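Residue numbers (our numbering), protein chains in the order written: chain W, 1 to 263; chain G, 1001 to 1161.
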Amino acid sequence: MYNFDVEKPRTVADAVQAMAREEAQLLSGGQTLIPTLKARLASPSVLVSLSGIDEMQGLSMSDDGLLCIGGGTTHATVATGAAAQYPALAHLAARIGDPAVRNRGTIGGSVANNDPSACYPAAVLGSGATIVTDKREIAADDFFLGMFETALEEGEIVTEVKFPIPSAAHYEKIIQPASRFPLVAVFVARFADGVRVAVTGASNNGVFRWKQAEEALTENFATEAVAGLQVDAAEMISDLHGSGGYRAHLVAVMTRRAVAAAG
Amino acid sequence: MTQVNMTVNGKSASGDVEGRTLLAQFLRDDQGLTGTHIGCDTSQCGACVVHVNGEAVKACTMLAIEADGATVGTIEGQANDDGSLNVIQQAFQDHHGLQCGFCTPGMVMSAAALLKDNPKPSEAEIRHYLDGNICRCTGYHNIVKAIMAASGQDVSAIAAE
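Rendered as structure tokens:
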């Protein structure tokens, strides 16, 4: 790792100010960023640590029934803290990485990084959640722009993610055993006004909504409804872990399993 | 350089670190606590697992500065006050839960974190919890057995896989 300074602001306002320094980079749980720095794939001159900001920690329910999760909340905290209100989300958080990673990694860091194989983007997009930053609120549909790309501006901080709670939901993944990231995973959420299906790990463009499956499941929330559907294999990631055709097949299988488990 | 102060195994520990100094480096190089191993250095293998404020973390993927003010537990602090092995360590010895021993500090620290939250884990829960601890000797079976024994459970039912 190249050396850098570390700033530890206590408030979002102080973090924003610290980010004004040249070549500043936000640090959340560091479970992706620190390995990236070790590989010298980034060389910030200052890291602005978000882990000491109390206002970005924890879960709460808003008056209009949204589950609000502070951007600095760890996966382990979501796994226990969301279990009562949003079990599918808690279940997802409980299976990211491994226990030690879950004690450091955060929801804000995960969505801001938008790794094409990360778990959280599927839940955020699949739930139609809202990403709150130090500047504005962004709908999930407008937030994820492609592999490692989001609508965030330079230095913009994800302070909170607000989830509407579906009547039924499930996240089904098949992991790539070496990295433990999903090879393909699907988040299915059923709301009064329709079903959302979000897929991670599969596409060259990062997390995406499978609209065709959404329409079929809105009509009839059952595995038969999506039995014959397929995503386009040409748009899927093809690498040493699996061909585009294999990933396309897994998208359909994971979707059916998620629907069956959501009930 | 920035000064950091933390409580390590019940004693105060301080030192000057660079921004990039990892908690694992601070413990090993600055404090001489070389029981925390660095295996992969990419947060995959779990040989560096320590407890920070009671939670298991990978010390190779946390900056020492981020642990400033924290209470840290390492393998050196696991033995009983009289120097004898604690229940988990003794179970690893009794059930041959180590071969080369490189992964053992991380395994013991992960096991301790598991048993704190879940005093009677099932075999499946133990295996799931050890997802981030790799034993390159592939001695998982006896590690799982040791953790079952340390939690006061019968180990005779565990079949080799």
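C-beta: ideal position from N, C-alpha, C; glycine also. Here the structure is a predicted model, which is why all the values come from computation and not from measurement.
Within the segment 1053-1077 of chain G, the residues whose Cβ lies closer than 7 Å to any Cβ of chain W are, in chain order, Glu-1055, Ala-1056, Val-1057, Lys-1058, Thr-1061, Met-1062, Leu-1063, Ile-1065, Glu-1066.
In the DSSP assignment, Ser-60 of chain W is bridged to W:Cys-68. Secondary structure of Ala-185 of chain W (DSSP, three-state): strand. When the alpha-carbon of Gln-25 of chain W is set against those of W:Ala-213, W:Thr-77, W:Met-147, W:Gly-109, the nearest one is in W:Gly-109.
CA-to-CA, the gap between Gly-1132 of chain G and Ser-179 of chain W works out to about 11 Å.
Lys-1120 of chain G is a Cβ neighbour of Ser-1151 of chain G, given a cutoff of 8 Å. Within the DSSP secondary-structure output, Ser-203 of chain W pairs in a beta bridge with W:Met-236.
Looking at G:Val-1155, G:Thr-1071, G:Arg-1020, G:Leu-1114, the one whose alpha-carbon comes closest to that of Ile-1065 of chain G is G:Arg-1020. With at least 16 other beta carbons inside 10 angstroms of its own, Val-132 of chain W counts as buried.
Membership of Asn-1005 of chain G in any alpha helix (DSSP H) is not indicated; the residue belongs instead to the beta strand (DSSP E) covering 1002-1008. As the crow flies, the alpha-carbon of Val-226 of chain W is around 58 Å from that of Gln-1031 of chain G. The C-beta distance from Thr-223 of chain W to Arg-256 of chain W rounds to 5 Å, short enough to meet the 8 Å contact threshold. In this structure, Ala-83 of chain W and Phe-187 of chain W do not form a Cβ contact; the two beta carbons are roughly 17 Å apart against a cut-off of 8 Å. For the segment 1105-1118 of chain G, the set of positions with a beta-carbon nearer than 8 Å to some beta-carbon of chain W reads Ser-1110, Ala-1113, Leu-1114 in chain order. Here the C-alpha atom of Val-158 of chain W lies approximately 45 Å from the C-alpha atom of Gln-1153 of chain G.
Taking Thr-106 of chain W as reference, the option from W:Gln-17, W:Ser-28, W:Leu-59 with the minimal CA-CA separation is W:Ser-28. Taking C-beta atoms as the reference points, Ala-1124 of chain G and Ile-1088 of chain G fail to come closer than 8 Å. DSSP places Ile-174 of chain W inside the beta strand (DSSP E), whose first and last residues are 168-175.
Excluding its 5 nearest sequence neighbours in each direction, Leu-47 of chain W has C-beta neighbours in its own chain below 6 Å: Phe-4, Val-6, Gln-25, Leu-27, listed in chain order. Minimum Cα-Cα distance from Tyr-1129 of chain G among the listed residues G:Thr-1071, G:Asp-1082, G:Val-1057, G:Ala-1157 corresponds to G:Val-1057. Within the segment 1133-1151 of chain G, Asn-1133 place their CB atoms closer than 9 Å to a CB of chain W, listed in sequence order. Bridge partners of Arg-196 of chain W according to DSSP: W:Ala-189.
Taking a C-beta distance under 8 Å as the contact criterion, Cys-1103 of chain G and Ile-1134 of chain G qualify as a contact pair.
Think of a sphere of 8 Å around the beta carbon of Gly-1046 of chain G: the chain W residues whose beta carbon falls inside it are Asp-98, Ala-100, in chain order.
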